[in-house]
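Everything on this sheet refers to the single structure shown next.
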Amino acid sequence: ATFRLFRPVLRKVFVVCMMIAHKTSSDTPIGNKYFAQAFGMGLPELNEYEYTILEMMEYKTIVHNKRYDDLVEAVCGYEFGASTRVGKIVELVKFQECYPAR
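Going left to right, the sequence shown walks through residues -26 to -1, 1 to 76 as mature numbering (1 follows the signal peptide of the UniProt record, and there is no 0) numbers them.
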């Protein structure tokens, strides 16, 4: 499934991306039913958006340092890498690819 990006859809995409980020970073994630109720979406619709976005991301929900640094540099126009305080802390952590079970 695909969707066209226009104002009402952008809000839903943001909510689902926030939900995916929460699930990736939380040991006890909140369920889809709560997100659907809290943000005024139907559960089937939210599930469809989640599936579509995860498919588009190829189920890769972890962003590695280099990719994040490149994105920040492109968007913000300044370097954010291992030479910065946050970059040094982030470099200490080793991330692995995360592929959720289907």
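Positions of the beta carbon are idealized from the N, C-alpha and C atoms, including for glycine.
Residue i by DSSP, collapsed to three states: which one?
i	result
Met(-9)	helix
Val37	coil
Asp44	helix
Pro3	coil
Phe(-21)	coil
Phe9	helix
On the CB-based measure, 16 or more other CB atoms within 10 Å of its CB, does residue i come out buried or exposed?
i	result
Phe(-13)	exposed
Met(-8)	buried
Leu17	exposed
Tyr23	buried
Phe9	buried
Leu(-17)	exposed
Met30	exposed
Which stretch, first to last residue, makes up the alpha helix (DSSP H) that contains residue i?
i	result
Met30	17 to 30
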